[in-house]
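Structure first, then comments.
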Amino acid sequence: MTQKKVLITSALLYANGPLHFGHIAGAYLPGDCYARFQRLKGADVHFVSGSDEYGIAITMSAELAGRTPREHVDIFHKVNKGFFNQLNFSFDHYSRTTWEGHEKPVHEFFLDLYEQGYIEEKVTDQLYSEEDGRYLADRYVTGTCPSCGYENARGDECPDCGAAYEATDLKNPRSRLTGGPLTLKATKHWFLLLDKFRDRLNEWLESKNWKPNVINFVKSYIEELRPRAITRDLEWGVPVPLEGSEGKVLYVWFDAPIGYISASQEWALQKGEPDAWKKYWCEEDTKLVHFIGKDNLTFHAVIFPSMVMGQKKPYKLVDELPANEFLKLEGRQFSKTDGWYVDLDSFFEKYTSDQIRYTLAANAPETSDAEFTWKDFQQRCNGELVGKLGNLVNRVLVFCQRQCEGKVPIATDLEELDTAFMADVHKLVDDLDGAYSEFRLRRACRLIMELAQRGNVYFDAKQPWKDAKDPSTRQRMQNTIDNCLECLKLLALVASPIIPDAADKIWKLLGQETSIATENWETLKTLPLPAGLQLPKPAILFREIEDEQITQELEHLQKMSKEARQQHTEYTPLKDEIAYEDFSKLDLRVGTIKAAEPVKKSKKLFKLQVDLGFETRTIVSGIKPWYKHDQLVGRKVVVVANLKPAKLMGVESQGMVLAGDWSDDLELLKVDDLPPGATVT
713 MTQKKVLITS
723 ALLYANGPLH
733 FGHIAGAYLP
743 GDCYARFQRL
753 KGADVHFVSG
763 SDEYGIAITM
773 SAELAGRTPR
783 EHVDIFHKVN
793 KGFFNQLNFS
803 FDHYSRTTWE
813 GHEKPVHEFF
823 LDLYEQGYIE
833 EKVTDQLYSE
843 EDGRYLADRY
853 VTGTCPSCGY
863 ENARGDECPD
873 CGAAYEATDL
883 KNPRSRLTGG
893 PLTLKATKHW
903 FLLLDKFRDR
913 LNEWLESKNW
923 KPNVINFVKS
933 YIEELRPRAI
943 TRDLEWGVPV
953 PLEGSEGKVL
963 YVWFDAPIGY
973 ISASQEWALQ
983 KGEPDAWKKY
993 WCEEDTKLVH
1003 FIGKDNLTFH
1013 AVIFPSMVMG
1023 QKKPYKLVDE
1033 LPANEFLKLE
1043 GRQFSKTDGW
1053 YVDLDSFFEK
1063 YTSDQIRYTL
1073 AANAPETSDA
1083 EFTWKDFQQR
1093 CNGELVGKLG
1103 NLVNRVLVFC
1113 QRQCEGKVPI
1123 ATDLEELDTA
1133 FMADVHKLVD
1143 DLDGAYSEFR
1153 LRRACRLIME
1163 LAQRGNVYFD
1173 AKQPWKDAKD
1183 PSTRQRMQNT
1193 IDNCLECLKL
1203 LALVASPIIP
1213 DAADKIWKLL
1223 GQETSIATEN
1233 WETLKTLPLP
1243 AGLQLPKPAI
1253 LFREIEDEQI
1263 TQELEHLQKM
1273 SKEARQQHTE
1283 YTPLKDEIAY
1293 EDFSKLDLRV
1303 GTIKAAEPVK
1313 KSKKLFKLQV
1323 DLGFETRTIV
1333 SGIKPWYKHD
1343 QLVGRKVVVV
1353 ANLKPAKLMG
1363 VESQGMVLAG
1373 DWSDDLELLK
1383 VDDLPPGATV
1393 T
């Protein structure tokens, strides 16, 4: 039987700062768990990732830090690779896009596309900063939204109305770095003609059984495909491989996904088999899975597949695309700038990799945004890892030492309760097989704890401590312990993709000398522990986390946030003075939100029904990233009631709700006692 090949990638991590829990939960932990599971299932797994190290964000950050771009990425590549090691990730290779072999496949991709008519040279007007002396990428541009008039819109998307556009579409564009004005200046660039792939992409997409929200998003994006610039005016990056392209590099989103391929090529070279990468990337019977966050969906579901379709080599197209949502920290987005993050150096001094792997897996943002809180972390560790899993392991092994001479007993004449228990255990193992196969880590965690709890309930129901006292019932006691040891063996198996260290400890406590990661899922399901096997002295798997520790973590988080605000406060410049007569033209009213629903195809917009006392209006507001439906209904807000109606994403908005904006946070202005319709002056 031919061994199944599974090629797994986790999104390349941008080497512009340290890893945080949001990164881990979205693309890396799910990828590692799936790789570990597939290895247990006997697959030939190749799991790669690495550092994404080019782009203007790197050059800007390096300048601010007084470093060269190379020095900058060297620091964060080393830091993040170290964190991945501490998290016990099982990459077959962790690469970087600055390694000397990366440029070759990137150039090959570009030239294949170019020679087949999929890349076109154009002279276009781009935003240029005289003060900075450079063209600015969209992330360093701000201005007035061309759709709704919001004055602090980003270079690619408006946070207020959710509209997407080119940075050159902004009105009154300015530099986010200096606040200075930007002008349009002609420059030569190369464009990937994505619209030429529309029919092939649609046909390919028909064969995919992905999440409905992913399919719908990708289909709508494909319909709006247009040529996209793939070069930038920079020195830091992969140079364009054409004459007359001096001072131009390939845009980071073009070269980064090719980094998966170059990572495999580097792995093959280090292995001493230069062509070994081809059996994963160039053979159709490979299963390719990209683990990404939802913000990378466009690149992995449309742009990179288009690039692959335009190649002369038979590169593999992605088969599965588990695109996870975002993880928040205590209700807010992770932000190093705002001091709202968990310092991993400090974390690993106090907690284990299994504790955070389990907590993030149990709260995995698979279908909606999720949240890490210190209280939930404590509850998961104490109530589940200690209270259910650790408790079962300890009580069974201690009892076995005391009543069975520390050996696996012989089981005979099983009762119906025994056989029913083992049937339940094996069903849960099969359910876990399905959960891992379908990338459902939250379900896998629930099933692992259900299996542990079934073991505890069975142990209590059989009461082996009573059977041990009577020679006539000692065989019944031995049957109970043998079944419990089998349950522990299977727990070690099914938990190993998520908590590999603890699973390995359980495996060793069952008298095994190998690592459970090298074992086979199907074999362990059916092969019993040998009777008479001597077991080592039991050991504690997990320790409880005290309330005082959690209080300290929350206090430290608030302290970091306060210090960051004091150090990095950047206030939006004041607008031009206006006369009171101008301000008095605004009609501000109190309104109560009666209903809220997401606007279709928009990441940011809610459609609100707001009661102004004298009438109810439809108001479209870009507050979806900060509020959930149940936080809005019944809330009193301040409304600009005499604003001219405007259509946003096809919905007419009859006003605007007022909010405060600070860094990445947004908060609606709140009214407590005034009734709907009251004026605000």
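Under the numbering used here, think of the first position of the sequence shown as 713, with each following residue one higher. From the three backbone atoms N, C-alpha and C, an ideal C-beta is built for every residue, glycine too. Keep in mind it's a predicted model, so treat the numbers as computed, not measured.
Bridge partners of H1002 according to DSSP: T721. Classified as buried, R886 has 16 or more neighbouring CB atoms from the shown chains inside 10 Å of its CB. The beta carbon of A1123 is closer than 6 Å to those of N1191 and D1194 in its chain, skipping five residues each way along the sequence. Annotation: the continuous alpha helix (DSSP H) that includes N914 extends over R910 to L917.
In the structure shown, the three-state DSSP call for S1018 is helix. Collapsing the DSSP output to three states places F1254 in coil. Contact between F903 and I942 is confirmed by a C-beta separation of about 7 Å, below the 8 Å threshold. By the Cβ rule, the region 732-751 does not count as touching the region 950-958, because fewer than three pairs are nearer than 8 Å. For D1050 and S1273, the gap between their C-alpha atoms comes out near 6 Å. In terms of CA proximity to T1064, D1213 leads the group E843, I973 and D1213. The DSSP-derived three-state label of R888 is coil.
Looking at the DSSP output, H758 shares a beta bridge with L719. Counted as a single uninterrupted DSSP element, the beta strand (DSSP E) harbouring F1318 occupies residues F1318 to D1323. In the DSSP assignment, S807 forms a beta bridge with G762. Bounds of the alpha helix (DSSP H) holding G971 are I970 to K983.
Note that the C-beta distance between L1000 and D1031 is below 9 Å. At least 9 Å separates the beta-carbon of L1041 from that of G738. Boundaries of the alpha helix (DSSP H) around Q1113: N1103 to Q1115. Taking 9 Å as the cut-off, the Cβ atoms of K908 and G829 count as close.
Judged by DSSP secondary structure, D1384 falls outside any beta strand (DSSP E); it is assigned neither H nor E. Spatial neighbours of L1153 in its own chain (CB-CB distance under 8 Å, excluding positions within 5 residues in sequence) are listed in chain order as L741, P742, C745, A1073, A1074, A1076, E1078, A1147 and I1210. One thing to note: K1025 has its Cβ within 9 Å of the Cβ of E820. Residue environment analysis places T771 among the buried positions, since at least 16 neighbouring C-beta atoms fall within 10 angstroms of its C-beta. Annotation for L1101: A1164 place their beta carbon closer than 6 Å to its own, counting only its chain and skipping 5 residues before and after.
For G1051, there is no enclosing alpha helix (DSSP H), as DSSP gives it neither H nor E.
For K1306, the CB contacts under 6 Å within the same chain, skipping 5 residues up- and downstream, are Q1321 and D1323 in chain order. Taking 3 residues as the shortest admissible run, the region 1288-1350 contains the following complete beta strand (DSSP E) segments, listed from N- to C-terminal end: 1300-1310, 1318-1323 and 1328-1333.
Annotation: the continuous beta strand (DSSP E) that includes W902 extends over T895 to L904.
Taking each of D764, E1234 and H735 in turn and checking the Cα distance to A727, the smallest one comes out for D764. Rounded to whole angstroms, the gap between the alpha carbons of T890 and F1151 is 44 Å. When the alpha-carbon of K1382 is set against those of A1243, M1361 and R1301, the nearest one is in R1301. The continuous alpha helix (DSSP H) containing K991 extends over residues K990 to W993. Ranked by how close their Cα comes to the Cα of R1347, the residues S841, R1158 and D1384 have D1384 in first place. Contact check for L725 against S773 fails: the beta carbons are separated by 9 Å or more. Within the region 1154-1194, the alpha helix (DSSP H) runs of at least 4 residues that lie entirely inside it are, in chain order, 1176-1179. Beta-bridge partners assigned by DSSP to S841: R846.
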